Amino acid sequence: MGWFNIYAAVYNEEHKEILDLSQRYGKEFIWILATLVLAVFIVIIDSRFYFFFAYFVYAGLMLLLLLVLVLGKDINGSRSWFEFGNISLQPSEFAKFGTALALAGYLNNRRQELTKLKVILPAMGIILLPALLTALQPDMGSTIVFFAFFIVLFREGMSPFVFISGILMVILFFLTLLVDNFYLEAGLVAAAILLSWLSLKNLRIWLTGLGILILIGGLLFAFDHFVVKSMGSELILLITIVLTGIVYAYYIYSKKAIALLVIYLFLLGSVLYVNTVDFAFNHLLKPHQKERVEIMLGFKSDTQGSGYNVHQSIISIGSGGFTGKGYLQGTQTKFKFVPAQSTDFIFCTVGEEWGFLGSLTVIGLYIFLLIRLIVLAERQRSSFSRVYGYGVVSVLFIHFFINIGMALGLVPVIGIPLPFFSYGGSSLWGFTILLFVFLRLDASRTEYLV
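Using this note's numbering, you'd call the opening residue of the sequence shown number 6 and step up by one each time.
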């Protein structure tokens, strides 16, 4: 399906043959043939190879990520590719496979220990190292994909608090851009007060803490209004939270109120995080990345500039209607309105030519694939195979979700391919290796790896 849609996306009247090697669809056919050979090679290797050489594969791919920073070819401002004649390879696509293997090797037999910091930190290191090296290229799309492996840690016993905190950080990031910081922080304080009331059995103690918060806050506001006149509401609120925690610390310590301590630390961390988001958004993101977020949130409507791709993508998908315009009949596709339509925006071709029904079919197939992989992962006898299986699921899910989300204007454009659909040899090979290694491990699930 990917091959046929690549043909439609870059269709050329002068080169109608789908096997024309001068066109992308012809080149993709060569990659597909090579992929079939690669898949056969993967499944005939003994499954224990992947177990015993997991760390070696990971180390080799990390070395490639380092080398590409020095020897790689600069394409569109990103040094992410090795060039060999007419062939370009992107090591970050293969690093996802290596990271899944290394994480599986490390977490093997450590399922019950992921509550311990000494186990969590090395696991996070395995994930963050390739993410950091990819960010240096810079390739923010691939960098974000590596964070999908935290789903694996959650499945294997990491505290839900850590996983949920990560999700909340993303939500808070966008809320900070949408809502005035003071009102957002006040809302966080109100939520913390409510959670404290629900967790405490003693109403008197809860009222005491609330009274301390109001008293300190009132005094600071009065001090600023009549004396300093320059602190600002956000700083006053932050100092109020810190001082309340210090005063209230005796109760938390004496009563061993762990739930209350967690709520307070979460509140303090959230407020500090909110105060740093503006800096990160304005100074760490590149101008084009910042613009994409602003366009997605509706702050800007630059349909001829940074928002052009998404605007044309939405028009293309919407024009397909319920059943689509028909194969090779898409006008948006034919006249090349959507840039990168054979790669990052390949889903536009599906939407325009196959309509809602075709789009629903493609999405349904991906969901079926993900569910099937979860079922396979859960039936593994080896924890190594199960962890690796969930690594495959996590990578495929984040690619599927973000790529289609980009095409629909639901997430910022970060440029990652749709698995097995977008044009590109590196991504096709990377996904094939990722998937077929797991199929090989599943075929040997009744055997012991050690």
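Don't be surprised by glycine CBs; every beta carbon is placed ideally from N, CA and C. Predicted model, so just to flag it, every value in this text is computed and none were measured.
Opening and closing residue of the beta strand (DSSP E) in which residue 89 lies: Taking the first residue of the sequence shown as 1, we reach residue 89 at position 84. It spans 83-89 - the beta strand (DSSP E) in which residue 89 sits, taken as one unbroken run.
Sheet register partners of residue 94 (DSSP bridge): The sequence position of residue 94 within the sequence shown is 89, counting from 1. Looking at the DSSP assignment, residue 94 forms a beta bridge with 87.
6 Å Cβ shell around residue 345 - same chain, five flanking residues per side excluded: Locating residue 345 in the sequence shown gives position 340, where the first residue counts as 1. The answer is none, since no qualifying residue turns up.
Contacts around residue 238, its chain only, beta-carbon distance under 7 Å, and the 5 residues preceding and following it disregarded: In the sequence shown, residue 238 corresponds to position 233, counting from 1. Hits under 7 Å: 187.
Nearest-angstrom beta carbon gap, residue 325 and residue 356 [assumed within contact, 8 Å]: Locating residue 356 in the sequence shown gives position 351, where the first residue counts as 1. Locating residue 325 in the sequence shown gives position 320, where the first residue counts as 1. Confirmed, about 5 Å.
Closest Cα partner of residue 252 within the set 236, 269, 263: Working through the sequence shown from its first residue, we reach residue 252 at position 247. Per the Cα distances, 269.
Close Cβ partners of residue 125 (< 8 Å) along its chain, the five nearest in sequence each way excluded: The residue you call residue 125 lines up with position 120 of the sequence shown. The answer, listed in chain order, is 119, 158, 163, 167.
Whole-angstrom distance between residue 367 and residue 65, CA atom to CA atom: As a position in the sequence shown, residue 65 is number 60, starting the count at 1. As a position in the sequence shown, residue 367 is number 362, starting the count at 1. Their Cα atoms are separated by approximately 35 Å.
Segment contact flag, the stretch 411-425 with the stretch 325-337, C-beta cutoff 8 Å, min 3 pairs: Judged by Cβ distances under 8 Å, the stretch 411-425 makes no contact with the stretch 325-337, as fewer than three pairs qualify.
Residue 229 (DSSP reduced to helix, strand or coil): Sequence index remark: in the sequence shown, residue 229 carries index 224 (1-based). Residue 229 falls in the helix class under three-state DSSP.
Nearest-angstrom Cα separation, counted from residue 14 out to residue 397: On the sequence shown, residue 397 is found 392 positions in, with the first residue counted as 1. On the sequence shown, residue 14 is found 9 positions in, with the first residue counted as 1. Distance between the alpha carbons of residue 397 and residue 14 is about 28 Å.
Beta-ladder partner(s) of residue 3, from DSSP: In the structure as shown, the chain starts at 6 and stops at 455, and residue 3 therefore has no counterpart that could be examined.
Short Cβ contact (8 Å threshold) for residue 412 with residue 318: One-based indexing of the sequence shown puts residue 412 at position 407. One-based indexing of the sequence shown puts residue 318 at position 313. Cβ distance < 8 Å, so residue 412 and residue 318 count as in contact.
Residue 349 in three-state terms, based on DSSP: Working through the sequence shown from its first residue, we reach residue 349 at position 344. The three-state secondary structure of residue 349, taken from DSSP, is coil.
Of the listed residues 36, 53, 245, nearest to residue 443 (C-alpha basis): Working through the sequence shown from its first residue, we reach residue 443 at position 438. Among 36, 53, 245, the Cα nearest to that of residue 443 is on 53.
Residue range of the unbroken beta strand (DSSP E) whose run includes residue 78: If you number the sequence shown from 1, residue 78 lands on position 73. Unbroken beta strand (DSSP E) run through residue 78: 78-80.
Where the alpha helix (DSSP H) through residue 164 begins and ends: Numbered from its first residue, the sequence shown carries residue 164 at position 159. Note, residue 164: premise wrong, no alpha helix (DSSP H); not H, not E.
Proximity below 8 Å, CB of residue 137 to CB of residue 67: One-based indexing of the sequence shown puts residue 137 at position 132. One-based indexing of the sequence shown puts residue 67 at position 62. Contact flag unset, no.
Burial state of residue 391 (16 or more Cβ within 10 Å): To locate residue 391, count along the sequence shown from 1; it is residue 386. Result: buried.
Inter-stretch contact (C-beta, 8 Å, three-pair minimum) for the stretch 278-287 and the stretch 171-178: yes
Classification of residue 348 by the beta-carbon crowding that lies within 10 angstroms, buried from 16 upward: The residue labelled residue 348 in the question sits at position 343 within the sequence shown. The residue in question, residue 348, is buried, as its Cβ has 16 or more Cβ neighbours within 10 Å.
Beta carbon of residue 88 nearer than 8 Å to that of residue 78: Start at 1 with the first residue of the sequence shown, and residue 88 comes out as number 83. Start at 1 with the first residue of the sequence shown, and residue 78 comes out as number 73. Yes. Within cutoff.
First and last residue of the uninterrupted alpha helix (DSSP H) at residue 417: One-based indexing of the sequence shown puts residue 417 at position 412. Run containing residue 417: none; DSSP gives neither H nor E here.
Among 236, 407, 199, 9, the one whose alpha carbon lies nearest that of residue 29: Stepping through the sequence shown from its first residue, residue 29 is reached at position 24. Nearest of 236, 407, 199, 9 to residue 29, Cα basis: 9.
Residue burial classification, residue 235 (beta-carbon count within 10 angstroms, cutoff 16): Counted from its first residue, the sequence shown places residue 235 at position 230. Exposed, because fewer than 16 other Cβ atoms sit within 10 Å of the Cβ of residue 235.
Sequence-distant residues of the same chain with beta carbon closer than 7 Å to residue 210, five excluded per side: As a first step, residue 210 must be located in the sequence shown, where it is residue number 205. In the same chain as residue 210, and ignoring 5 residues on each side of it, the C-beta atoms closer than 7 Å to its own belong to 256, in chain order.
Cutoff 7 Å; reference residue 131; Cβ partners in own chain excluding five residues on either side: For the purposes of this step, residue 131 is taken as residue 126 along the sequence shown, with counting starting at 1. So the list reads 104, 107, 108, 111, once near-sequence residues are dropped.
Chain-order list of residues whose beta-carbon lies under 6 Å from that of residue 416 (same chain, five-residue window excluded): Here the question's residue 416 lines up with position 411 in the sequence shown. Cβ within range, chain order: 407, 410.
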